[in-house]
Amino acid sequence: HFFPNVSAIPPSLIPNAIEGAWTSFQNFTGCHPGQKVDGLAKLKRYFQYFGYINNNASTNCTDDFDDALEEAIKTYQLNFNLNVTGELDAPTMEHIVRPRCGVADVINGTSSMNSGKRPESHIHAVAH
Amino acid sequence: YSFFPNMPRWPPSRTDLTYAFLPANQIEDSVKVVFARAFVRWSDVIPMTFTETASFSTADIRIGFFSGDHGDGEPFDGVLGTLAHAFSPPSGLLHLDGDENWVVNGSPSTAYAAVDLESVAVHEIGHLLGLGHSSVEEAIMYPTISTGSRRVELASDDIQGIQYLYGSNPNYNGSTAATTQEGDTSGSGS
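Written out as structure tokens, the structure is:
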């Protein structure tokens, strides 16, 4: 759908009327390690898609906020210059739901973004 | 800046690349102009040229808009979410999500679920040339973009990365590096 400029966009396309692919992730804001939350597996698949959780770890895609998810969040926070809390805090969630490129940030377990440039984080990324 | 694993790049002998649009998309000239501008942003800084060709099957770079599963194992997800993807050299595949609302000219607004086409095109061409994602928020190769923003000028981080792979365009005078992002950057994008 192409629009020559912003004035050509129909009012029906206001964001609140659009259910973006990741809008529902906002419901996970405040979740922390150890919890089990309905639908959290979908967020894990998001991290898996972008390379933060190993593709072979399909058995980990449960609704449990486990170690794999915590490490994925920490690596993500490093890459996007967020405070490294390992939790789904508001700034992290605000970032996760942004539209983005479909190319993975972490490829074959390593990242050349921020997380790959810090030795202690590189170890975590490879471990996944 | 970063590269794909093993730092793939177009061979040194391939400095003049062609690109084509998927015929089935029936892309209008106004959209083709956007991509032409996006390619020039990269050819301004490295010794490579990009020329449109009508022959999709023989083009070095093949651009297409697709919805959902389109056969490459990376299905698109509808409005927002993932916007586009491109493959590392020398595959030359650039795919954009046909379900998005693309703004062709001028900055979009956070008031709409629409995305600036040129911003995404410049980013994906970076992947086609061998760049990975960057943690520098001002860089073209930063992975996310808010619906209300327009980011089309290469930042110094992008230029350093691409010139590491291909060297500098002899005519590049170092004046095109941007350090700011145009448009509204405060929106969440959803």
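Here the protein sequences come in this chain order: A and B. Everything in the first sequence is counted per our numbering, starting at 8 for the first residue and increasing by one. Everything in the second sequence is counted per our numbering, starting at 138 for the first residue and increasing by one. All C-beta atoms, glycine included, are put in the ideal place defined by N, C-alpha and C. In this text the structure is predicted, and so the values were computed from the model without any measurement.
| The alpha helix (DSSP H) enclosing A75 of chain A, as first and last residue numbers | For the purposes of this step, residue 75 of chain A is identified with residue 68 of the first sequence, where counting begins at 1. Segment 74 to 86, the alpha helix (DSSP H) holding A75 of chain A.
| request: Thinking V168 of chain B and V241 of chain B are a contact (beta carbons under 8 Å), I'd like their distance in whole angstroms, please. | output: Here residue 168 of chain B corresponds to residue number 31 of the second sequence, with the count starting at 1. Here residue 241 of chain B corresponds to residue number 104 of the second sequence, with the count starting at 1. Yes, they are in contact, since the Cβ atoms of V168 of chain B and V241 of chain B sit about 6 Å apart, within 8 Å.
| query | Buried or exposed: D206 of chain B, going by 16 or more other Cβ atoms within 10 Å of its Cβ? | reply | If you number the second sequence from 1, residue 206 of chain B lands on position 69. Counting Cβ neighbours within 10 Å, D206 of chain B comes out exposed, since fewer than 16 surround it.
| Of all Cβ atoms in chain A, is any one closer than 9 Å to the Cβ of T195 of chain B? | In the second sequence, counting from the first residue as 1, residue 195 of chain B sits at position 58. So no, T195 of chain B is outside the interface.
| task | Rank B:Y138, B:N143, B:W147 by C-alpha distance to the C-alpha of G229 of chain B and give the top, closest one. | result | Along the second sequence, one-based indexing puts residue 229 of chain B at 92. Selected option, being the one with the closest Cα: B:W147.
| task | May I have the straight-line CA-CA distance separating E77 of chain A from Q33 of chain A, to the nearest angstrom? | result | Translated into positions along the first sequence, residue 77 of chain A becomes position 70. Translated into positions along the first sequence, residue 33 of chain A becomes position 26. Whole-angstrom Cα-Cα distance: 17 Å.
| said: Check for me: the beta strand (DSSP E) holding G201 of chain B runs from which residue to which? | reply: Position 64 of the second sequence, counted from the start, is the residue given in the question as residue 201 of chain B. Its beta strand (DSSP E) spans residues 198 to 203.
| Could you check where the beta strand (DSSP E) with F213 of chain B kicks off and where it finishes? | Counted from its first residue, the second sequence places residue 213 of chain B at position 76. No beta strand (DSSP E) holds F213 of chain B; DSSP gives it neither H nor E.
| task | Starting from A97 of chain A, find everything on chain B with Cβ-Cβ shorter than 8 Å and list it in chain order. | result | In the first sequence, the residue the question calls residue 97 of chain A occupies position 90. Correct list: empty, because the minimum Cβ distance to chain B is about 10 Å.
| field | Against chain B: residues of the stretch 103 to 120 of chain A by CB proximity under 8 Å | value | V104, R105, P106, R107, C108, G109, V110, D112, I114, N115, T117, S118, S119, M120
| Applying the criterion that 16 or more other CB atoms from any shown protein chain within 10 Å of the CB defines a buried residue, is P106 of chain A buried or exposed? | Position 99 of the first sequence holds residue 106 of chain A. Per the 10 Å Cβ criterion, buried.
| Does the distance from the C-beta atom of V182 of chain B to that of I296 of chain B stay below 9 Å? | In the second sequence, residue 182 of chain B corresponds to position 45, counting from 1. In the second sequence, residue 296 of chain B corresponds to position 159, counting from 1. Yes, these two residues count as a Cβ contact at 9 Å.
| said: For a cutoff of 9 Å on Cβ pairs, would you count G205 of chain B as touching chain A? | reply: For the purposes of this step, residue 205 of chain B is identified with residue 68 of the second sequence, where counting begins at 1. No, G205 of chain B does not count as interfacial toward chain A.
| said: Let me see if you follow: with CB-CB separation under 9 Å, is A28 of chain A close to chain B or not? | reply: For this step, residue 28 of chain A is matched to residue 21 along the first sequence. Output row for A28 of chain A: interface = yes.
| Residues in the stretch 69 to 89 of chain A having any Cβ partner in chain B nearer than 9 Å | L85, N86, F87, N88
| message | Using only the alpha-carbon positions, how far apart do D73 of chain A and L47 of chain A sit? | response | Against the first sequence, residue 73 of chain A aligns to sequence position 66. Against the first sequence, residue 47 of chain A aligns to sequence position 40. Taking the straight line from one Cα to the other gives about 10 Å.
| Backbone CA spacing between D112 of chain A and V13 of chain A [nearest angstrom] | If you number the first sequence from 1, residue 112 of chain A lands on position 105. If you number the first sequence from 1, residue 13 of chain A lands on position 6. Going by the C-alpha atoms only, they are around 30 Å apart.
| Residue range of the beta strand (DSSP E) that Y156 of chain B falls in? | For the purposes of this step, residue 156 of chain B is taken as residue 19 along the second sequence, with counting starting at 1. Per DSSP, Y156 of chain B belongs to the beta strand (DSSP E) from 153 to 158.
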